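Residue numbers (our numbering), protein chains in the order written: chain A, 16 to 168; chain B, 1468 to 1540. Built from N, CA and C at the ideal position, the CB exists for glycine as well. Source: prediction; values computed, not measured.
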Amino acid sequence: MWTQDKSLNLSILLVRILFILIIILACCVPIMVHWYDITYPNGIGMIDGSIFLPLSICLYLTAICGEICLYHLGKLLENIKNSIVFKKTNCQHLRVISWCCILTAIPFFVFGFWRSLSFIVALAAGFFGLILRVLKNVFVGAVELQEENDYTI
Amino acid sequence: MPIIVNLDVMMAKRKISSGELARRIDITQANLSILKTGKAKAVRFSTLEKLCEVLDCQPGDILEFRKDDSHAD
């Protein structure tokens, strides 16, 4: 039977797999970008020329943000697994994850000048960061309620 | 917080220990400690009622409002 515990374990496992996958992909960035540059040399963008350097920088910065994000996501899931839900530490994790998403939008926004389609990715990342920020604010409120409940004698 | 809990004063007056008071009002010693140290965010009427009954006092003997200058306009 599918339980809450199994669901959490699956989430933790997926986060760990993705963490390793990003490291592997980050090592392959030059190869991937070179392939992309050769395969799609004529993309729509304001700046012409090779995208090798801008796309490589963009992907490396995104990979760093992604790894930080996944690390905190893993910590958050482990806390939930250990029944530590409405605590300040989780708000901090959500805050970092939210900022990572927002920061991810910046390199994609800049890369949008080479390939306009990247603006959509930047918008999606920023929007996702904003949603997580709201979620963090909800968590902060929940933590206050929990503390009030815990300290009501 | 401008609400001061004078529970330890009343306990000293009535010569009652923390353990004894916690047992008689049916709360844990940890919760009584939270109350005594002023960390509590709220006190249930039922708890206050039991405290007053056991310590033979009025709510005003346990709780005191002291104006906090840092909260002044």
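Taken in chain order, the members of the segment 157-168 of chain A whose beta-carbon sits within less than 9 Å of a beta-carbon on chain B are 162, 163, 164, 165, 166, 167 and 168. Using a C-beta cut-off of 8 Å, the segment 75-83 of chain A makes no contact with the segment 92-99 of chain A, since fewer than three inter-stretch Cβ pairs fall below that distance.
Identification of residues in the segment 1521-1538 of chain B having a C-beta nearer than 7 Å to some C-beta of chain A yields an empty set.
A Cβ-Cβ contact shorter than 8 Å links residue 1498 of chain B with residue 168 of chain A. Chain A has no Cβ within less than 8 Å of the Cβ of residue 1476 of chain B. In summary, the residues of the segment 1483-1499 of chain B whose CB is separated from some CB of chain A by less than 7 Å are 1494 and 1498, in the order they occur in the chain. When rounded, the separation of the alpha-carbon atoms in residue 1513 of chain B and residue 165 of chain A is 16 Å. Residue 1504 of chain B is classed as exposed because its beta carbon has fewer than 16 other beta carbons within 10 Å across all chains shown.
Under the three-state reduction of DSSP, residue 158 of chain A is assigned to helix.
When Cβ-Cβ separations below 8 Å define contact, residue 1508 of chain B makes contact with chain A.
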